[in-house]
Amino acid sequence: MPSLAGRHFVKMNGLGNEILVLDLRDDPAEVTPAAARALARPGVLPFDQAMLLYPPRGGEAAASVRILNSDGSESGACGNGTRCIAALEAARTGDMHPVFESAAGRLDCTVHPDGSVSVDMGVPHFGWREIPLASDVGATEAVRMPGYDLLGPASFVSMGNPHAVFFVPMADAVDVAATGAALEHDPLFPERANISFAEMLAPDHILLHVWERGAGRTRACGTAACATAVAAARTGRAGRRVRVTLPGGDLTIAWREADGHVVMTGPVAHDFSGVLTPAMLADAA
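Position one of the sequence shown corresponds to residue 1303 (this note's numbering), numbered consecutively onward.
Structure (structure tokens):
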């Protein structure tokens, strides 16, 4: 298997959600969970998600994308990361509407003249097997979780990865790290879950803090923003278009009525580029 040492990387962020991009289309190489953990170490290349680009399986897509969290686990979707790779592809080819393949399905992107990027994140899923949950809990839009009564009911959504959304009176008052870490590993979630704490500031404005499965507390999570917007609409708290404010900034989420797809729009930023070295990959075996 070809080595990762000597490969070019790009470090980007979507609202502070730290994204590492490795374009492996010309010479594919495996990125193991151990390699991801080695790169994510403090002082090396800390990231929340790594977006790994491989040759597309179909003719229309620019690339097939594999997504790894900083702990080496795999993710089915990453909205902020998808915006980052869409911006890179547009800059590289001039195609302002790149398409990517992912474990969550097709990702249609639009890079706007102001530099913001929209991603069609597909259709949310609500069935307990689709999310997935360990058992049938009935209606998934409002479920009481034992031991977490003070948070109120959770709304469960899959956006290609599992999400539990709690609507709370004051999102800033929640101990996101402690509560999120415990809930991520709750037995109800066989594949763990992303945990969101949302506060309705207005019918079209949500304040959100997120504990991401496999990455911990992050400044932004695109799929969580999508899941929260959908949950707010399902429970009558909001309409189908909202602004979601995360610690890193704002995303606009639109849940289209025509086809049920969720479209996320927000900014991206380039941090720096470089080349992977053997030292960066130390202890990756």
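The beta-carbon is built from N, C-alpha and C at its ideal position, and this holds for glycine as well.
Within the segment 1431-1502, the runs of alpha helix (DSSP H) that reach at least 4 residues and sit entirely inside it are, in chain order, 1478-1486. Residue burial is scored here from C-beta neighbours: Met1472 has fewer than 16 other C-beta atoms within 10 angstroms and is therefore classed as exposed. Note: Ser1372 is not bridge-paired with any residue in the DSSP secondary-structure output. Within the model, the alpha-carbon separation for Ala1495 versus Phe1402 is close to 24 Å.
Closest in C-alpha terms to Val1544, from the list Leu1553, Met1461 and Tyr1356, comes Leu1553.
In the structure shown, the three-state DSSP call for Val1532 is helix. The beta carbon of Leu1306 sits closer than 7 Å to those of Ala1331, Val1333, Ala1337, Leu1578 and Leu1583, all from its chain and outside the five residues before and after it, given in chain order. The C-beta distance from Arg1539 to Phe1469 rounds to 7 Å, short enough to fall under 8 Å. The beta carbon of Ser1377 lies closer than 6 Å to those of Ile1369, Asn1371 and Asn1463 in the same chain, with the five residues before and after it left out. Where Cys1386 is concerned, the enclosing alpha helix (DSSP H) starts and stops at Gly1381 to Thr1395. Non-local beta-carbon contacts of Ala1466 in its own chain, meaning distances under 6 Å to residues more than five positions away in sequence, involve Ala1456, Phe1458, Ala1495 and Ile1497 in chain order. Pro1358 is positioned such that its CB atom lies no closer than 8 Å to that of Ala1352.
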